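Note sheet for the following structure.
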Amino acid sequence: MIDKESARAVAGWLRLADRIAGRTPVEGRCDCCGGTGYLNADKQRLCAACYLDGETAAS
Ligand SMILES: [Zn+2]
Numbered sequence: 508m509i510d511k512e513s514a515r516a517v518a519g520w521l522r523l524a525d526r527i528a529g530r531t532p533v534e535g536r537c538d539c540c541g542g543t544g545y546l547n548a549d550k551q552r553l554c555a556a557c558y559l560d561g562e563t564a565a566s
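Count along the sequence shown starting at 1, add 507, and that's the number in the working numbering.
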């Protein structure tokens with residue numbers, strides 16, 4: 508698990524990446540932890556913390 512400050516930073520990167528890619532930012536409830544916030548909606552709707560955890564687990 509990553510700390511809140513890191514999650515906030517990652518959320519900022521996701522937001523920036525989406526803006527550059529022209530994707531619509533998604534905010535809502537995370538499929539994984541149920542928390543609300545900025546979501547990476549590529550395959551699942553994941554908050555920054557769960558997205559990072561998934562990336563770490565997948566590698
Ligand atoms: Zn989550």
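Just so you know, even glycine gets a beta-carbon here, dropped at the ideal spot from N, CA and C.
This structure is a prediction, so every number in the text was calculated from the model and none was measured.
With a threshold of 7 Å (Cβ to nearest heavy atom), would Gly542 be considered close to ligand 1?
Gly542 Cβ: within cutoff of ligand 1.
In its own chain, which residues sit with a C-beta less than 7 Å from the C-beta of Leu559, not counting the 5 before and 5 after it?
Around Leu559: Ile509, Val517.
How many angstroms separate the CA atom of Ala555 from the CA atom of Ile527?
Answer to the nearest angstrom: the Cα atoms are 18 Å apart.
Round the Cβ separation of Leu546 and Val533 to the nearest angstrom and send it over; I've been treating them as touching at under 8 Å.
Correct: roughly 5 Å between the Cβ atoms.
Measure the alpha-carbon distance for Gly544 versus Gly535 and round it to whole angstroms.
Answer to the nearest angstrom: the Cα atoms are 6 Å apart.
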